[in-house]
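Below: one structure, written as structure tokens.
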Amino acid sequence: MNCPDTPRTVIDKLLDHNERSVWERSWRIFYDIYYAVMVAMTKNSLAKIGIHNINENDANEIISNVFVSLLEAFENGKYIKGKHRFRGFLKRIVFCRTIDFIRARNKKLPTEAQEMLERMDKLDEGSIIEAFKELESNEYKAYKYSLILDIWENIRPAYSPQSCLAFEMTKLEGIPVNEVCKKLQITREKVDKSVHRIIKKIKEERNNEFYKREFEK
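For the sequence shown, the residue numbers in our numbering are 9 to 225.
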């Protein structure tokens, strides 16, 4: 099997409303891929407000609202791929939904957060996204991993089920190679070759304009 001539990122698929089944499936994939990033962004946003502990239900409520905002933004054309980094767009939405969550509980915002909101009111959409493009270290680490998973989702159909399992078990699940060989009943050489081919392709895809910009610090 060959990779498609123009592999589409998960974001591309979310922006395409012509194929409903692909679009709906892509939202589920997006959730799996970017959930850890949104959790990190949510916790960091709360920390800036002075809240350092949040239970899982509250975090998921904020993230659910982030999804609603993303859906509306993609449908209304508020996000234009290639114009701004997606990470800044995502982080800004997470911050705003976090503020909404705090306000809904009638809690007072600290001066820093209030000043940031006031500055945002004076900026256009593009300038706001740019203001959020810098990620904190834990956000950037999670985001890089998400981008790799995004690339993997694009190129996965080009490989045999056995090769996919070999890569996922060794590199994504951290299962020792010897154990993978036993489970898949294949040789160490075959596992190594499959993993090497896939990693090489992932590195190539990182040069895609979208990924290249998003990986940059």
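Just so it is clear, CB atoms sit at the ideal spot from N, CA and C, and this is done for glycine as well.
With S135 as the anchor, note down where its alpha helix (DSSP H) starts and where it stops.
The residue labelled residue 135 in the question sits at position 127 within the sequence shown. From DSSP, the alpha helix (DSSP H) with S135 extends over 133 to 139.
Which residue marks the beginning of the alpha helix (DSSP H) containing A48, and which one marks its end?
Residue numbering aside, residue 48 sits at position 40 when the sequence shown is read from its first letter. Counting along the chain, the alpha helix (DSSP H) containing A48 begins and ends at 28 to 56.
Counted within 10 angstroms of its Cβ, other Cβ atoms place R111 as buried (16 or more) or exposed
As a position in the sequence shown, residue 111 is number 103, starting the count at 1. By the 10 Å Cβ count, R111 comes out exposed.
Report the option in R214, F223, G182 whose CA atom is closest to the CA atom of R16.
Within the sequence shown, numbered from 1, the residue matching residue 16 stands at position 8. Out of R214, F223, G182, R214 has the C-alpha closest to the C-alpha of R16.
Could you name the residues that DSSP lists as bridge partners for K89?
Counting from 1 along the sequence shown, the entry for residue 89 is found at position 81. For K89, which the question treats as bridged, DSSP gives the partners H92.
Between the alpha carbons of F94 and I88, how many angstroms are there, rounded?
As a first step, residue 94 is located in the sequence shown; it is residue number 86 there, counting from the start. As a first step, residue 88 is located in the sequence shown; it is residue number 80 there, counting from the start. When rounded, the distance between both Cα atoms is 9 Å.
What is the DSSP secondary structure of K115, reduced to helix, strand or coil?
To locate residue 115, count along the sequence shown from 1; it is residue 107. In the structure shown, K115 sits in coil (DSSP, three-state: anything other than H, G, I, E or B).
Skipping 5 residues on each side, what residues in its chain have a beta carbon closer than 7 Å to that of R100?
Position 92 of the sequence shown, counted from the start, is the residue given in the question as residue 100. Correct list, in chain order: I136, I137, F140.
Provide the residue span of the alpha helix (DSSP H) that contains A81, from first to last.
Position 73 of the sequence shown, counting from 1, holds the residue named residue 81. From DSSP, the alpha helix (DSSP H) with A81 extends over 64 to 84.
Taking C-alpha atoms, which residue in M128, S202, I156 lies nearest to Y219?
Walking along the sequence shown from the start, residue 219 turns up at place 211. Considering only alpha carbons, the answer is I156.
Buried or exposed (CB count within 10 angstroms, at least 16 for buried), R105
The count along the sequence shown starts at 1 and reaches residue 105 at position 97. Buried, by the Cβ-count rule.
So which of A55, K51, Y148, E133 has the shortest CA-CA distance to E222?
Walking along the sequence shown from the start, residue 222 turns up at place 214. The candidate whose alpha carbon is nearest that of E222 is Y148.
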